[in-house]
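Residue numbers (the working numbering): 19 to 423.
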């Protein structure tokens, strides 16, 4: 990898990281702010889901545009859209306007697909999963730092005033400011990676999600990604009430504990993947990661001691960290160069399906079946993904043609 490529990887990592910090700032504000507007629990659920719904609908669109016009302009447009949506969120004085702000945020959520395609452009195939691990590390760091920044800036906003954009909504202005800095840095430092000769004309064609499902290798990979996205969404939505009801944890204790999970995911996707993929290959790492996820999710539901829960959550962080970069890397490797943005955009749309359906199903299972039901179901979904991968294991290409360090 050239010096310029390494520099570009660092820049795109920082771009995604700042974007995810902004997202992490907003996430804990949503339920509290919605309550101030007298939102019901169902309305809060819809407010959480509208972002993922818009992302599901428009990620392939943005990915396809990045194949046509380049990665850089789409990333810049996405950052500008994030600034607008966070500012609108900060000034919102009605529940309807909160929905509009989150809808725009989901519509402009093109950064991840374009960033993944960007990495695919500048990394050789045998390093593709390692590069995708940087996106996962940026995710983990963003979700660790975002809520912490929200916790620090919220009181500042309340000191400045009690009406929008102050109060707790001031943190949304901070998120907008971070994205404004991100936009300036990306504008001056982020080079284009898509060669003009490779830019595709396919953007004008009417295509559906079935395009990628006709591909014999993408179809099972996308099925696995759907199962695992659903399993994680089922878990994430109910883990806080689970530890509150079973272990009597308050919000502070739970937040600190799951910051540890985020740190483990950062270590796995940002460091361990760099060691394990070159040594063992994407296939083996993904195989073990899926099995670890299935085991750990069931283990959470069965946990009645802090020690058991800690072991299960650690295994989950390692398993998820070993799943996402290889599956993204493999999807990129088996796709045509001119379709990178579109394929990865569809993959992110599939992940959004999980984040739309998962919270609803997880909440129903927790309320109507048992405390452990969402986690047993999550484990079953991850195990289904493991079985799909086991069936295609022999025909999956391995970009790591020879071990390297």
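Glycine is no exception: its CB is placed at the ideal position from the N, C-alpha and C atoms.
Note down, in chain order, each residue of its chain lying with its Cβ closer than 7 Å to the Cβ of residue i, except the 5 sequence neighbours on either side.
i           : result
residue 409 : none
residue 244 : 368, 371, 372
residue 332 : 282
residue 306 : 340
residue 395 : 252, 383
residue 21  : none
residue 155 : 284, 287, 288
residue 259 : 384
residue 416 : 299, 300, 301
Provide the residue span of the alpha helix (DSSP H) that contains residue i, from first to last.
i           : result
residue 410 : 391-410
residue 26  : 21-44
residue 234 : First-last for residue 234: undefined, no H or E at that position.
residue 296 : 291-298
residue 107 : 89-109
residue 345 : 324-351
residue 114 : 113-125
residue 188 : 188-207
Taking all protein chains shown into account, do 16 or more other C-beta atoms lie within 10 angstroms of the C-beta of residue i, making it buried, or fewer, making it exposed?
i           : result
residue 324 : exposed
residue 391 : buried
residue 187 : buried
residue 226 : Residue placement at residue 226 is poorly supported in this model, since its pLDDT is 45, which falls under 50; the coordinates still yield a value, given next. Result: exposed.
residue 197 : buried
residue 25  : exposed
residue 405 : exposed
residue 209 : exposed
residue 414 : buried
residue 179 : exposed
residue 173 : exposed
residue 139 : buried
residue 207 : exposed
residue 134 : buried
residue 297 : exposed
residue 211 : buried
residue 205 : exposed
Skipping 5 residues on each side, what residues in its chain have a beta carbon closer than 8 Å to that of residue i?
i           : result
residue 304 : 340, 341, 344, 345, 348, 407
residue 222 : Model confidence at residue 222 stands at a pLDDT of 38, short of 50, so the residue's coordinates are unreliable and nothing is read from them.
residue 265 : 324, 327
residue 236 : 230, 349, 352, 353, 361
Do you know how far the Cα of residue j is from the Cα of residue i?
i           : j           : result
residue 131 : residue 379 : 26 Å
residue 308 : residue 74  : 23 Å
residue 168 : residue 41  : 10 Å
residue 28  : residue 100 : 21 Å
residue 102 : residue 88  : 22 Å
residue 23  : residue 94  : 19 Å
residue 412 : residue 71  : 35 Å
residue 86  : residue 278 : 40 Å
residue 78  : residue 363 : 4 Å
residue 30  : residue 92  : 13 Å
residue 336 : residue 310 : 8 Å
residue 374 : residue 142 : 34 Å
residue 66  : residue 98  : 22 Å
residue 158 : residue 54  : 29 Å
residue 326 : residue 318 : 8 Å
residue 62  : residue 175 : 23 Å
residue 57  : residue 122 : 20 Å
residue 388 : residue 381 : 10 Å
residue 76  : residue 403 : 25 Å
residue 248 : residue 33  : 27 Å
residue 177 : residue 189 : 12 Å
residue 90  : residue 35  : 16 Å
residue 397 : residue 246 : 9 Å
residue 104 : residue 96  : 12 Å
residue 215 : residue 82  : Confidence is the limiting factor: at residue 215 the pLDDT is only 46, short of 50, which leaves the residue's position unreliable, though a coordinate-based value still follows. Looking at the two C-alpha atoms, the distance is approximately 16 Å.
residue 291 : residue 275 : 23 Å
residue 294 : residue 115 : 46 Å
With a threshold of 6 Å on Cβ separation, who are the neighbours of residue i within its own chain once the five nearest residues in sequence on each side are excluded?
i           : result
residue 202 : none
residue 250 : none
residue 191 : 108, 183
residue 3   : Outside the displayed span of the chain (19 to 423) sits residue 3, for which this structure offers no information.
residue 353 : 361
residue 127 : 73
residue 238 : 406, 410
residue 401 : 312
residue 170 : none
residue 125 : 72, 76
residue 163 : 39
residue 399 : 245, 248, 249
residue 257 : none
residue 426 : The structure shown does not extend to residue 426, since the chain is modelled only from 19 through 423, so no value can be given for it.
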